[in-house]
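**Q** Let me begin by handing over the structure; questions about it come next.
As structure tokens, this is what we get:
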């Protein structure tokens, strides 16, 4: 007897789409998983730092149906975090392609310091 399981996966998000979503004030949660010092030195406005000490708050207070975008340095580590967050019940999870490094190059005026 075989069972059918819905494929749980995150999606990749390109820089232009995130910019458009932010410009349009789309409801989303933006999390940055880089180390605290890197986050403090610059991050996408509206993002919140996510690490082992803050993940409990994210899980407790973030609607599972809201889009959730994960940002790391170059778009690699965020894929693992995004996959984990899908497993926590978030329905629309995205890993930002190119990460914060690419965002800062493309949108230097849209970096909070």
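Residue numbers (the working numbering): 114 to 226. Think of the CB as a built atom: it goes at the ideal place given N, C-alpha and C, for glycine as much as any other residue.
At which residue ranges does the stretch 131-195 contain complete alpha helix (DSSP H) runs of 4 or more residues, listed in the order of the chain?
**A** The qualifying runs are 149-154 and 168-174.
**Q** By Cβ distance, which residues of its chain are closer than 7 Å to residue 204, with the 5 residues on each side in sequence left out?
**A** Mapped onto the chain shown, residue 204 falls at position 91. Excluding positions up to five away in sequence, the list reads 177 and 178.
**Q** Which residues bound the beta strand (DSSP E) around residue 206?
**A** Mapped onto the chain shown, residue 206 falls at position 93. Here the beta strand (DSSP E) through residue 206 covers 206-209.
**Q** If you compare alpha carbons, which of 161, 211 and 189 is closest to residue 181?
**A** Here residue 181 corresponds to residue number 68 of the chain shown, with the count starting at 1. When each option's Cα is compared against that of residue 181, the closest is 161.
**Q** Just verifying my parser: in three-state terms, what is the DSSP assignment at residue 124?
**A** Residue numbering aside, residue 124 sits at position 11 when the chain shown is read from its first letter. Residue 124: strand per DSSP, three-state reduction.
**Q** Using CA atoms only, rank isn't needed, just tell me which of 175, 190 and 143 is closest to residue 157.
**A** Walking along the chain shown from the start, residue 157 turns up at place 44. Nearest option by C-alpha distance: 143.
**Q** Express the C-alpha separation of residue 163 and residue 219 in angstroms, rounding to a whole number.
**A** The count along the chain shown starts at 1 and reaches residue 219 at position 106. The count along the chain shown starts at 1 and reaches residue 163 at position 50. Approximately 23 Å, taken between the alpha carbons.
**Q** In whole angstroms, give me the CA-to-CA distance for residue 184 and residue 201.
**A** Within the chain shown, the letter at position 71 stands for residue 184. Within the chain shown, the letter at position 88 stands for residue 201. Near 17 Å, if we compare the C-alpha coordinates of residue 201 and residue 184.
**Q** Are there three or more Cβ pairs, one per stretch, closer than 8 Å when the stretch 207-217 is compared with the stretch 136-156?
**A** Yes: at least three Cβ pairs fall under 8 Å.
**Q** Hey, could you find the ends of the alpha helix (DSSP H) residue 212 is sitting in?
**A** Stepping through the chain shown from its first residue, residue 212 is reached at position 99. Here the alpha helix (DSSP H) through residue 212 covers 212-219.
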